[in-house]
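Chemist: One structure, pasted below without further comment.
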Amino acid sequence: MKGLKRIEQIRAWVQSVLNGESSGHDWHHVSRVTELAMYIGEKEHADLFIVETAALVHDVIDAKLPDTIRLSVSEVYDQLVFFGVGKEDADRVIRIITSMSFRDRDKLAGEPLSIEGKAVQDADRLDAIGAIGIARAFMFAGAKGHSLYGNDQSAYAHFFHKLLRLKDMMNTDTAQELAQERHDFMLRFVRQLEKDMPGIEVKTS
Ligand code: ADP
Ligand code: NI
1 MKGLKRIEQI
11 RAWVQSVLNG
21 ESSGHDWHHV
31 SRVTELAMYI
41 GEKEHADLFI
51 VETAALVHDV
61 IDAKLPDTIR
71 LSVSEVYDQL
81 VFFGVGKEDA
91 DRVIRIITSM
101 SFRDRDKLAG
111 EPLSIEGKAV
121 QDADRLDAIG
131 AIGIARAFMF
141 AGAKGHSLYG
151 NDQSAYAHFF
161 HKLLRLKDMM
171 NTDTAQELAQ
181 ERHDFMLRFV
191 RQLEKDMPGI
201 EVKTS
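Residue numbers for the sequence shown, in full-length UniProt numbering: 1 to 205.
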């Protein structure tokens, strides 16, 4: 009962922090990632409280969030402890969210994520591919004023820089299976886009 209450408090808090955020780290993204992470975590026999908490807070420290919204690592830690999360569990959550981003993957090459972290990272990556990933990429490009194609910053280029690579970066078999369908759909979309835009400079990798 106590566990349920804590997670509800954390959920409501994250929702209020991200309220109005529109750069691709909005509450709906967090909500989808949490659901997927729980599904993966259950299949992979992870500690579901850690999975759910880490998924809920995984983006509130992201460098891409506006300064007015972004929280510091210690603010997140303190808030979790305030809600009744034990210090060891709060530490486990913090370790996950500080080490799972795509950008940090090289830095952390020698330091594997916990199974809970792997579930959350896989869920975050799954939300960047497939139909939802396509939608998010174009929303991101629109918000940043990037072009559809034609240069390295474009939405089209992003598929090759990142999105089409994510399938092979899944940590868990469960996510790998889910990724395949999303990847195939995305690839089909990209090939169709190339057909629809004859002037496009086609990328192969
Ligand atoms: P993460 O949640 O892994 O931190 P990012 O912050 O890199 O992901 O990106 C958030 C969303 O915006 C993702 O769906 C991602 O694909 C998309 N995105 C990021 N950079 C670009 C870009 N240069 N062009 C198009 N979409 C992008
Ligand atoms: Ni995310």
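We put the beta carbon where it would ideally sit given N, CA and C, even for glycine.
Computed from a predicted structure; not experimentally measured.
(1) Closest to Met38 by CA distance: which of His29, Ala123, Lys167 is it?
(2) Go through the residues and name those whose CB comes closer than 5 Å to any heavy atom of the ligand NI, in chain order.
(3) With 16 as the cutoff for other CB atoms within 10 Å, does Ala155 come out buried or exposed?
(4) Quick check: the Cα distance between Val81 and Asn151, rounded to an integer number of angstroms?
(5) In whole angstroms, what separates the C-alpha of Phe49 from that of Val202?
(6) Tell me whether Val30 is buried or exposed, calling it buried when 16 or more other Cβ atoms sit within 10 Å of its Cβ.
(7) Assign Gly133 to buried or exposed, taking buried as 16 or more other Cβ atoms, counted over all protein chains shown, within 10 Å of its Cβ.
(8) Roughly how many whole angstroms lie between the Cα atoms of Val85 and Phe140?
(9) Run through the region 39-95 for me and flag every whole alpha helix (DSSP H) of 4 or more residues, listed as ranges in chain order.
(10) Could you name the residues of the same chain whose beta carbon sits closer than 6 Å to that of Arg182, not counting the 5 residues immediately before and after it, in chain order?
(11) Put Gln153 into one of helix, strand or coil per three-state DSSP.
(12) CA-CA distance, Lys43 and Ile96?
(13) From this set, Ala175, Gln176, Tyr149, which residue's C-alpha is nearest Asp196's C-alpha?
(14) For the ligand ADP, is there a heavy atom less than 8 Å away from the beta-carbon of Asp127?
(15) Alpha carbon to alpha carbon, how far is Tyr77 from Lys167? Give it in angstroms, no decimals.
Modeler: Walking through what the data contain:
(1) Against the sequence shown, residue 38 aligns to sequence position 38. For Met38, the closest C-alpha among the options His29, Ala123, Lys167 is that of Ala123.
(2) So the residues near the ligand NI by this Cβ test are Asp59, Asp124.
(3) Within the sequence shown, the letter at position 155 stands for residue 155. Per the 10 Å Cβ criterion, buried.
(4) In the sequence shown, the residue the question calls residue 81 occupies position 81. In the sequence shown, the residue the question calls residue 151 occupies position 151. Spanning the two alpha carbons is a distance of roughly 46 Å.
(5) Residue 49 sits at position 49 when you count from the first residue of the sequence shown. Residue 202 sits at position 202 when you count from the first residue of the sequence shown. Across the structure, Phe49 and Val202 are spaced so that their CA atoms are roughly 45 Å apart.
(6) For this step, residue 30 is matched to residue 30 along the sequence shown. By the neighbour-count criterion, in which a residue is buried when 16 or more other Cβ atoms sit within 10 angstroms of its Cβ, Val30 is buried.
(7) The residue given as residue 133 occupies position 133 in the sequence shown. Residue burial is scored here from C-beta neighbours: Gly133 has at least 16 other C-beta atoms within 10 angstroms and is therefore classed as buried.
(8) Here the question's residue 85 lines up with position 85 in the sequence shown. Here the question's residue 140 lines up with position 140 in the sequence shown. So the two alpha carbons sit approximately 34 Å from each other.
(9) Qualifying alpha helix (DSSP H) stretches, in chain order: 48-57, 73-82.
(10) Residue mapping note: residue 182 aligns to position 182 of the sequence shown, counting from 1. Taken in chain order, the residues that qualify are Ile129, Gly130.
(11) Residue numbering aside, residue 153 sits at position 153 when the sequence shown is read from its first letter. DSSP places Gln153 in coil when its eight states are reduced to three.
(12) As a first step, residue 43 must be located in the sequence shown, where it is residue number 43. As a first step, residue 96 must be located in the sequence shown, where it is residue number 96. Distance between the alpha carbons of Lys43 and Ile96: 19 Å.
(13) Here the question's residue 196 lines up with position 196 in the sequence shown. Comparing Cα positions, the closest option is Tyr149.
(14) Translated into positions along the sequence shown, residue 127 becomes position 127. At least one heavy atom of the ligand ADP sits closer than 8 Å to the Cβ of Asp127.
(15) By 1-based counting over the sequence shown, the position of residue 167 is 167. By 1-based counting over the sequence shown, the position of residue 77 is 77. Taking the Cα positions, Lys167 is about 31 Å away from Tyr77.
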